[in-house]
Amino acid sequence: MEINQLETAQDVSIMEEIAKFNHEQVVFCNDNHTGLKAIIAIHNTVLGPGLGGTRMWQYASDKEALTDALRLSRGMTYKAAVTGLNIGGGKAVIMGDARKDKTEAFLRRFGKFIESLNGKYVTAEDVNMTTRDMEYIAMETNHVTGLSKSLGGSGDPSPVTAYGTYVGIKAMCKKVYGSEDLSNRKVAVQGVGQVGMYLTEYLRKENATVYITDINEEKVKKVVESTGAKPVGMDAIYDLDTDVYAPCALGATINDLTIPRLKCKIIAGAANNQLKDEIKHGYDLMDREIVYAPDFVINAGGLINVYLDHLKEYNAERAHHMAEKIYDNCLNVVENAEKQGISPQEAAMLLGDKRIEEVGRLKVSF
Ligand code: NAD
């Protein structure tokens, strides 16, 4: 009796968690033979199959892994919806040590789980997954996108993400300063990895003054040499007197500690989940009169890249062309927010909800 009660209580809490943001389906994958433990979360498939990468992480608990999968898959739904793509939101997390646990059989077993969903979930590379890992997964399922160029895929999406972020920054400058010209603008780029490096190149080509920082000093040195950007300390980036702060490293850098320090008028960068608290910090930025381009609107270039690949219609020119629309998307979100007196983050989510609802209604008749 006691055991039954315990099981019931746990069942309810998992279902409540899944219901909280209205997820459609969550698949718990287990294989004792290979040691695979994974969760595939499908948030919403009204616009198309749930697309989102697979990440591998050593989660402290199953609950933490589930929360991550639910949060990330929901984010993919909104990113696709506001970008105007016909694709839904999904994400997979594999629990384990990416350095030790991955074997061919482990990854192919995971591919079989994806295949069992018959295309309702489409995966791609994410944190701690390599091109080789994706190749093993693709041996068992066709529902993989963004494979390397050597396998006929679209390859690294970072250049398109950077391009979309760059046009988004121009849109925000147009909104705030009345001109998209960047030659007199000062931009702080936090993180010069794949996206930050390409972004810095775009900004420097327009003669913007660009300050960069990264934990990796070698990367900073390389980008300083190739672009003429100015290096700054990791913590000093928050105090700089710049027009734009472009987070391109980690999430949650916009929080109670950093917001009071920021002197910029615009936050527009590629990192995912920039607001530590998506409601509170969205409004805190409004109080400081800082215009925020929601991350999932401005960094959608990478999703555009894998989306075209998934449709088997990929070419780099087309991806860049589609990413140009991020300019209008950013302006539209910020102007909608202004009209409604709400934060850009909320306005973007409402636009996403609206598109899903309206397109969803079309499906009731032939
Ligand atoms: P990356 O790993 O190539 O680059 C991240 C860089 O940030 C690294 O150079 C790292 O050393 C640096 N970094 C880490 N912590 C830092 C800190 N505290 N201060 C300064 N620098 C720090 O990753 P990426 O592909 O360039 O992606 C950057 C961000 O954009 C991530 O948040 C990612 O989720 C997001 N994003 C990327 C894409 C894409 O196409 N690559 C698409 C959408 C969103």
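Each residue of the sequence shown is one higher than the one before, counting from 2 in this note's numbering.
Every residue, glycine too, gets a C-beta built ideally from N, C-alpha and C.
These numbers were taken from a predicted model, which means no experiment stands behind them.
Three or more beta-carbon pairs separated by less than 8 angstroms are not found between the region 217-225 and the region 270-280, which leaves the two stretches without contact. Contact check for A269 and V233: beta-carbon distance about 18 angstroms, past the 8 angstroms limit, so the pair fails to qualify.
Residue burial is scored here from C-beta neighbours: H44 has at least 16 other C-beta atoms within 10 angstroms and is therefore classed as buried.
Of A66, A42, N87, S74, the smallest CA-CA separation from L48 is found for N87. Distance from the CA of L183 to the CA of K281, rounded to the nearest whole angstrom, comes to 30 angstroms. When secondary structure is reduced to three states using DSSP, T210 falls in the strand class. In the three-state reduction of the DSSP assignment, N256 falls in the coil class, being assigned neither a helical nor a strand state. F111: member of the alpha helix (DSSP H) spanning 105-116, first to last residue. Bounds of the beta strand (DSSP E) holding F29 are 26-32.
For I299, the uninterrupted alpha helix (DSSP H) segment begins and ends at 296-299. Not one heavy atom of the ligand NAD is found less than 8 angstroms from the C-beta of I255. In this structure T104 is not in contact with V123, their Cβ atoms being roughly 23 angstroms apart against a cut-off of 8 angstroms. Separation of V334 and P295 (C-alpha to C-alpha, rounded to the nearest whole angstrom) is 8 angstroms. The three-state secondary structure of E202, taken from DSSP, is helix. Counting along the chain, M96 sits inside the beta strand (DSSP E) bounded by residues 89-96. Counting only the Cα atoms, A324 lies some 8 angstroms from T162. The beta carbon of R262 is closer than 8 angstroms to those of Y239, D240 in its chain, skipping five residues each way along the sequence.
At a threshold of 8 angstroms, I216 counts as near the ligand NAD, since its beta carbon sits closer than that to one of the ligand's heavy atoms.
Around the C-beta of F367, fewer than 16 other C-beta atoms lie within 10 Å, and the residue is accordingly described as exposed. Remark: the shortest separation between the CB of V188 and any heavy atom of the ligand NAD does not fall under 8 angstroms.
For the ligand NAD, no non-hydrogen atom lies closer than 8 angstroms to the CB of P232. Between A42 and K92 the beta-carbon gap is near 6 angstroms, inside 8 angstroms, which marks them as a contact. Between S155 and L309, the C-beta spacing is below 9 angstroms. Nearest C-alpha to T78 among R100, G53, G97, D63: G53. Within the same chain, and ignoring the five residues on either side of G112 in sequence, the residues whose Cβ sits closer than 8 angstroms to its Cβ are Y137, I138, A139, M140, E141, T142, V145. Counting along the chain, no alpha helix (DSSP H) covers Q191; the unbroken beta strand (DSSP E) around it starts and ends at 187-191.
Beta-bridge annotation (DSSP): Y122 is paired with G51. When secondary structure is reduced to three states using DSSP, N45 falls in the strand class. Excluding its 5 nearest sequence neighbours in each direction, F22 has C-beta neighbours in its own chain below 6 angstroms: R75, listed in chain order.
The DSSP-derived three-state label of Y246 is strand.
For E65, the enclosing alpha helix (DSSP H) stretches over residues 63-84. Restricting attention to I213, P50, T68, P248, the CA atom closest to the CA of N119 is found in P50.
Distances between the C-beta of V225 and the heavy atoms of the ligand NAD are all 8 angstroms or more.
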